[in-house]
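Below is one structure, written out as structure tokens; the observations come after it.
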Ligand SMILES: Nc1ncnc2c1ncn2[C@@H]1O[C@H](COP(=O)(O)OP(=O)(O)OP(=O)(O)O)[C@@H](O)[C@H]1O
Ligand SMILES: [Mg+2]
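Residue numbers (our numbering): 9 to 264.
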């Protein structure tokens with residue numbers, strides 16, 4: 009594993025309230041490229057809220073999000089995605105009535121905008137670029153074990169295959185940082201293994217990953233670094249073996 013110190017997503021001093029609820033209370037994290045960071049914590053700890061802020065979707069009440077030194081605080085998903093920060097969702101649904109391949113190609117809209125002229129007249133460079141994206145999408149389907157379903161309606165995929173499809177779509181956008189909210193939730197052991205392998209592959213390509221899951225065994229076996237939250241704060245952080253032994257983490261999990 010090589011951690012690229014130059015490319016790093018950081019959040020500093022994040023505060024976020026929803027009405028009377030303090031979802032995040034002074035959270036700072038560093039997510040470097042080339043490393044898998046795991047985010048654990050009981051229900052309502054603030055994990056999804058933090059991902060939404062890191063992906064630019066939500067603007068925190070206080071604090072700053074930066075990637076490669078560029079301020080992405082509340083910049084919106086599209087701007088963050090263009091900078092290379094891409095999030096997948098806790099509850100995902102495919103674009104029904106579209107093939108699996110077309111669903112992956114949706115990921116290119118984050119990277120390729122041919123403009124009105126390009127859409128209307130489809131000049132040769134647009135067709136060539138589209139062909140390249142299509143080839144890349146097909147490669148990704150192969151990598152994620154979905155190539156035989158490329159022309160099938162996405163609605164016909166199993167729940168686990170849909171999670172893999174979502175990862176493939178996110179990868180087409182060539183992220184530098186990938187934020188995954190419970191990608192293995194509800195999956196069987198075989199499907200979870202596919203997600204594990206996919207995340208390792210993504211990491212080995214130099215992408216930084218932040219992954220949330222309730223299955224602590226799964227995360228500890230996958231991640232290089234663990235961040236543990238409870239009640240909107242970070243209670244422990246470090247290599248999995250250290251966090252596992254941490255008394256505050258044990259207490260948080262025993263009280264669930
Ligand atoms: N849009 C919202 N409006 C009001 N309260 C919210 C909103 N989003 C989150 N919250 C509250 O903020 C707190 C943190 O929620 P969050 O979804 O970030 O937790 P989580 O760690 O992802 O939990 P889970 O493991 O259940 O997914 C919770 O108390 C939640 O009820
Ligand atoms: Mg959540």
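Built from N, CA and C at the ideal position, the CB exists for glycine as well.
For residue 150, count neighbouring Cβ atoms within 10 angstroms of its own Cβ and tell me buried if that reaches 16, exposed if not.
Answer is exposed; the Cβ neighbour count stays below 16.
Can you list the residues near ligand 1, meaning Cβ strictly closer than 5 angstroms to any non-hydrogen atom, in the order they appear in the chain?
26, 29, 31, 51, 52, 53, 54, 55, 56 and 57
Beta carbon of residue 223: closer than 7 angstroms to some heavy atom of ligand 2?
no
Between the region 183-201 and the region 23-31, are three or more C-beta pairs nearer than 8 angstroms?
no
Ordered along the chain, which non-local residues of its own chain (more than five positions away) have a Cβ less than 8 angstroms from that of residue 78?
Closer than 8 angstroms at Cβ, skipping near neighbours: 91.
For residue 182, name the three-state secondary structure that DSSP assigns.
coil
Under the three-state reduction of DSSP, which class applies to residue 27: helix, strand or coil?
Reduced to three states, the DSSP call for residue 27 is coil.
Taking C-beta to C-beta, are residue 44 and residue 230 nearer than 8 angstroms?
For residue 44 and residue 230, yes; Cβs fall inside 8 angstroms.
Could you check if residue 254 belongs to the surroundings of ligand 2, using beta carbon to heavy atom distance under 7 angstroms?
no
Where do the ends of the alpha helix (DSSP H) carrying residue 221 lie?
Taken as a continuous stretch (DSSP letters only), residue 221 belongs to no alpha helix (DSSP H), as it is neither H nor E.
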